[in-house]
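In what follows, a structure is listed as structure tokens, so that the remarks can point back to it.
There are 2 protein chains.
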Amino acid sequence: MPELRRDPIIGRWVIISVERAKRPRDFKVSHAHEEEGACPFCEGQEHDTLPEVFAIRRRRTKKDKPGWDVRVIPSISQRLDLSGGLDRRGVGMYDVMNPVGSHEIIIESPKHFTGIHELSGKQIELVINAGVRRMVELEEDPHLKYCLLFKNHGLKAGGSKATKHVRSQLIATPVTPTRVKEELRGARLYYKHKDRCIFCDLIRQELDSGVRVVMDTRNIVVIAPFASRFPFELWILPKKHGSDYVNIKKEEVRDLAIVFRTLFSKLSKALNDPPYNYMLHTAPFRRSKRTGYWHTIKEDYHWHIEVTPRITQVAGFEWGSGFYINPTQPEDAARYLRETKVS
Amino acid sequence: MPELRRDPIIGRWVIISVERAKRPRDFKVSHAHEEEGACPFCEGQEHDTLPEVFAIRRRRTKKDKPGWDVRVIPSISQRLDLSGGLDRRGVGMYDVMNPVGSHEIIIESPKHFTGIHELSGKQIELVINAGVRRMVELEEDPHLKYCLLFKNHGLKAGGSKATKHVRSQLIATPVTPTRVKEELRGARLYYKHKDRCIFCDLIRQELDSGVRVVMDTRNIVVIAPFASRFPFELWILPKKHGSDYVNIKKEEVRDLAIVFRTLFSKLSKALNDPPYNYMLHTAPFRRSKRTGYWHTIKEDYHWHIEVTPRITQVAGFEWGSGFYINPTQPEDAARYLRETKVS
Numbered sequence: 000m001p002e003l004r005r006d007p008i009i010g011r012w013v014i015i016s017v018e019r020a021k022r023p024r025d026f027k028v029s030h031a032h033e034e035e036g037a038c039p040f041c042e043g044q045e046h047d048t049l050p051e052v053f054a055i056r057r058r059r060t061k062k063d064k065p066g067w068d069v070r071v072i073p074s075i076s077q078r079l080d081l082s083g084g085l086d087r088r089g090v091g092m093y094d095v096m097n098p099v100g101s102h103e104i105i106i107e108s109p110k111h112f113t114g115i116h117e118l119s120g121k122q123i124e125l126v127i128n129a130g131v132r133r134m135v136e137l138e139e140d141p142h143l144k145y146c147l148l149f150k151n152h153g154l155k156a157g158g159s160k161a162t163k164h165v166r167s168q169l170i171a172t173p174v175t176p177t178r179v180k181e182e183l184r185g186a187r188l189y190y191k192h193k194d195r196c197i198f199c200d201l202i203r204q205e206l207d208s209g210v211r212v213v214m215d216t217r218n219i220v221v222i223a224p225f226a227s228r229f230p231f232e233l234w235i236l237p238k239k240h241g242s243d244y245v246n247i248k249k250e251e252v253r254d255l256a257i258v259f260r261t262l263f264s265k266l267s268k269a270l271n272d273p274p275y276n277y278m279l280h281t282a283p284f285r286r287s288k289r290t291g292y293w294h295t296i297k298e299d300y301h302w303h304i305e306v307t308p309r310i311t312q313v314a315g316f317e318w319g320s321g322f323y324i325n326p327t328q329p330e331d332a333a334r335y336l337r338e339t340k341v342s
Numbered sequence: 000m001p002e003l004r005r006d007p008i009i010g011r012w013v014i015i016s017v018e019r020a021k022r023p024r025d026f027k028v029s030h031a032h033e034e035e036g037a038c039p040f041c042e043g044q045e046h047d048t049l050p051e052v053f054a055i056r057r058r059r060t061k062k063d064k065p066g067w068d069v070r071v072i073p074s075i076s077q078r079l080d081l082s083g084g085l086d087r088r089g090v091g092m093y094d095v096m097n098p099v100g101s102h103e104i105i106i107e108s109p110k111h112f113t114g115i116h117e118l119s120g121k122q123i124e125l126v127i128n129a130g131v132r133r134m135v136e137l138e139e140d141p142h143l144k145y146c147l148l149f150k151n152h153g154l155k156a157g158g159s160k161a162t163k164h165v166r167s168q169l170i171a172t173p174v175t176p177t178r179v180k181e182e183l184r185g186a187r188l189y190y191k192h193k194d195r196c197i198f199c200d201l202i203r204q205e206l207d208s209g210v211r212v213v214m215d216t217r218n219i220v221v222i223a224p225f226a227s228r229f230p231f232e233l234w235i236l237p238k239k240h241g242s243d244y245v246n247i248k249k250e251e252v253r254d255l256a257i258v259f260r261t262l263f264s265k266l267s268k269a270l271n272d273p274p275y276n277y278m279l280h281t282a283p284f285r286r287s288k289r290t291g292y293w294h295t296i297k298e299d300y301h302w303h304i305e306v307t308p309r310i311t312q313v314a315g316f317e318w319g320s321g322f323y324i325n326p327t328q329p330e331d332a333a334r335y336l337r338e339t340k341v342s
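Pasting the structure below:
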């Protein structure tokens, strides 16, 4: 059985997975190119995946049969499991618990597209709604503390070798991850000091100066952040304050879909379909019931999506220090993307 | 001029470098294979590099001429610069300072080897001594707060395309990086609670159980850490408590050289020369003069080297959460490496 283990020094949790049975010999480095087989995520191949946990379907179509627009299935890697309890325990000086949680794949189109920008705005809205729906459902599980929505596009961004079919992923965990806590803490400190949301201030300053703004719609803004870690790092933020992505408004969904379509078209055109990740940063589950530490989270946190193209290699310096070297000025990246015309 | 910029939310500093002149068009993804040209790091090619800042040389040989065993040169990327002051300043809500610091390459052999395990134990001792010497010299600069010693081996670990010549790197920065602070904080909390060094406790527990021990010499121990983030992650630790790598004893240098040679031979044999990084974690500069926060650092911190093979892809989940999924049990990795015989 896999385990959740905690680093005793900095408190970072790790999922030690054994289900995929990665034995040492599986890691011998090989440069063979793997072939793409029949795609299990295409409409008509539903029998090739685990049973769906949710789908947006056309009327009178059946579960795990064709007729869907967006389909959510459990990941076959099965590192996390919603059954059973946490069983938190110590092993000498170490902390361990059971890998309670969920890992799901959101198949973003029944057709074999590979980039989200190839989908229609309407289809992307359905994708956003499906993600929100699953996050709301996962929050009902009292063991779960956080849900991360993310996308791995391209092999260098951790995308799968088996198929490039367009999808995003959801992982729900029984602990709030360290990176999330770090950001919540930073935002809270600022709020305590200024009585204002740091992200709202940041958006105002960026819109005023304009030099790092990539897109500006009525409800959503895209910037190249001032301290970008990576060339063409981008943050997508709602202009109106909101700590929790699942409370996204209809008009925000519409603008976010347009932003996804346009922004990733620009990125693909400008950089020749680069590998990238995006990660939703949103408030942890049940923040409203929390007391003490998180009590102001509604006011002091602001959901956003971080997009990080994987066009430079992260190396020892970055890993050892958390300090990044970015060879491209965010102002240049923003201007270049603003000037990249897409249809 | 490059800048150091600080993320206002989590306080992470980034070097925005423009000297390498990476413009958007430089990032168009290409799959062309680059050829290795003449190696500028080989003995006899000293004119192809910037002037050396330090070298261990045979008697009566001249600076920047053949006759050296280990040679330290400034990196051509020049992102950091020891001249001038920090000039800390605000830009609206953001913090900026000048990129004061140093980036140096330690050329670990005059001959064209590519892996540290190909060097003799004696040569590796010289490499260790050269690194220590430069760290001590860099500490004399009052602007510098931290020095990170690391290695990028192989392209996927951020190694250079220009030459594979065996080397490590030193980057000295005017701020203590966030990851380092995180670890110092964790170690200090433990010390306050228990009046013992967490790393000393960890070493004792690991030697007692033995299941995650890979090598055990008189002065140095190598373990696969309990909460390994990556398959075959390894920590190299001195058995005797010491917070500061530059105070390493002669007999520890000897054992560390043996460990480097043997461990990286094992890794290379077991995993077919995998890409890897290693990063030295040591106390920040001038810790003895500090008051308050760091005052116990001599007792509560313990230098070590973290080795992270790059055989799995870090993806959106890890980037977004700081939570890692490791498909290999550290106990399996340790056993496999123990059983890998090298000459």
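Residue numbers (numbering that gives the first Met the number 0), protein chains in the order written: chain B, 0 to 342; chain R, 0 to 342. We put the CB at the ideal spot given by N, CA and C, even for glycine.
Query: Compare the Cα-Cα distances from K155 of chain B to each of B:D331, B:R309, B:R334 and B:S16 and report the closest residue.; Result: B:R309
Query: State the CB to CB distance for the pair V69 of chain R and E103 of chain R, rounded to an integer number of angstroms; the pair is presumed to be in contact (CB under 8 Å).; Result: Wrong, their Cβ atoms sit about 12 Å apart, outside the cutoff.
Query: Below 6 Å CB to CB, which residues in the same chain sit around V252 of chain R once its five sequence neighbours on both sides are set aside?; Result: E124 and I127
Query: Could you tell me which chain R residues have their CB closer than 9 Å to the CB of S82 of chain B, listed as they occur along the chain?; Result: Residues of chain R passing the Cβ test: none, with the nearest at roughly 19 Å.
Query: State yes or no: is the beta carbon of N151 of chain R nearer than 8 Å to at least one beta carbon in chain B?; Result: yes
Query: Is G43 of chain R buried or exposed, if buried means 16 or more other CB atoms sit within 10 Å of its CB?; Result: exposed
Query: Per DSSP, which one or two residues make a beta bridge with E2 of chain R?; Result: R:I15
Query: Starting from the beta carbon of G185 of chain R, find every residue of chain B whose beta carbon is closer than 9 Å, and list them in chain order.; Result: D6, P7, I8, I9 and G10
Query: D215 of chain R lies in the beta strand (DSSP E); which residues open and close that run?; Result: V212 to D215
Query: DSSP has M96 of chain R in a bridge; who is on the other side?; Result: R:L3
Query: Quick one, which of B:T307, B:E338 and B:T281 has its alpha-carbon nearest E396 of chain B's?; Result: Residue 396 of chain B lies beyond the range of chain B shown here (0 to 342); nothing can be said about it.
Query: The beta strand (DSSP E) that contains T172 of chain R, what's its start and end?; Result: R166 to T172
Query: Counting only runs of 3+ residues fully inside the segment 50–97 of chain B, write out the beta strand (DSSP E) ranges in chain order.; Result: 53–56, 67–73, 88–90 and 93–96
Query: So, does the segment 149–163 of chain B touch the segment 176–184 of chain B, judging by three or more C-beta pairs under 8 Å?; Result: no
Query: Just to confirm the assignment, what range does the beta strand (DSSP E) spanning L233 of chain B have?; Result: L233 to P237
Query: Taking only three categories from DSSP, how would you classify E107 of chain R?; Result: coil
Query: Measuring only between beta-carbons, confirm whether P326 of chain R sits less than 8 Å from chain B.; Result: yes
Query: How about S227 of chain R: is its C-beta nearer than 8 Å to some C-beta of chain B?; Result: yes
Query: Decide if H345 of chain B is buried, meaning its Cβ has at least 16 other Cβ atoms within 10 Å, or exposed.; Result: With chain B covering 0 to 342 only, the question about residue 345 of chain B has no answer from this structure.
Query: Quick check on F53 of chain B - is its C-beta less than 8 Å from some C-beta in chain R?; Result: no
Query: Strictly by DSSP, which residues pair up with Y275 of chain B?; Result: B:H152 and B:P308
Query: At which residues does the alpha helix (DSSP H) containing I202 of chain R begin and terminate?; Result: I197 to S208
Query: Less than 8 Å between the CB atoms is what I'm expecting for L233 of chain B and H142 of chain B, so what's the real figure, rounded?; Result: That pair is no contact at about 33 Å.
Query: Round the Cβ separation of T216 of chain B and I257 of chain B to the nearest angstrom and send it over; I've been treating them as touching at under 8 Å.; Result: 6 Å
Query: Note down, in chain order, every chain B residue with its Cβ under 7 Å from the Cβ of S320 of chain R.; Result: L147, P176, R178 and V179
Query: By DSSP, does L147 of chain R sit in helix, in strand, or in coil?; Result: strand
Query: Give me whichever residues DSSP pairs with Y323 of chain B in a beta bridge.; Result: R:V13
Query: Can you round the beta-carbon distance between H116 of chain B and C41 of chain B to whole angstroms, since I take them to be within the 8 Å contact cut?; Result: With a Cβ gap of about 19 Å, H116 of chain B and C41 of chain B do not count as contacting.
Query: Given this structure, state the Cα-to-Cα distance separating L49 of chain B from P39 of chain B, to the nearest angstrom.; Result: 10 Å
Query: Give me, in chain order, the residues of the same chain whose beta-carbon lies closer than 6 Å to that of Y189 of chain B; leave out the 5 immediate sequence neighbours on both sides.; Result: I197
Query: Determine, using beta carbons only, whether F259 of chain R comes closer than 8 Å to chain B.; Result: no
Query: Closest to N218 of chain R by C-alpha separation, out of R:K62, R:F231 and R:C199, would be which residue?; Result: R:C199
Query: So, at 6 Å on beta carbons, what are the nonlocal neighbours of D47 of chain R in its own chain, with the 5 sequence-adjacent residues on each side left out?; Result: P39
Query: Would the beta-carbon of R203 of chain B fall within 8 Å of that of N325 of chain B?; Result: no
Query: Cβ of T172 of chain R less than 8 Å from any chain B Cβ?; Result: yes
Query: Could you please tell me which residues of the segment 101–129 of chain B, in chain order, have their CB closer than 9 Å to any CB of chain R?; Result: H102
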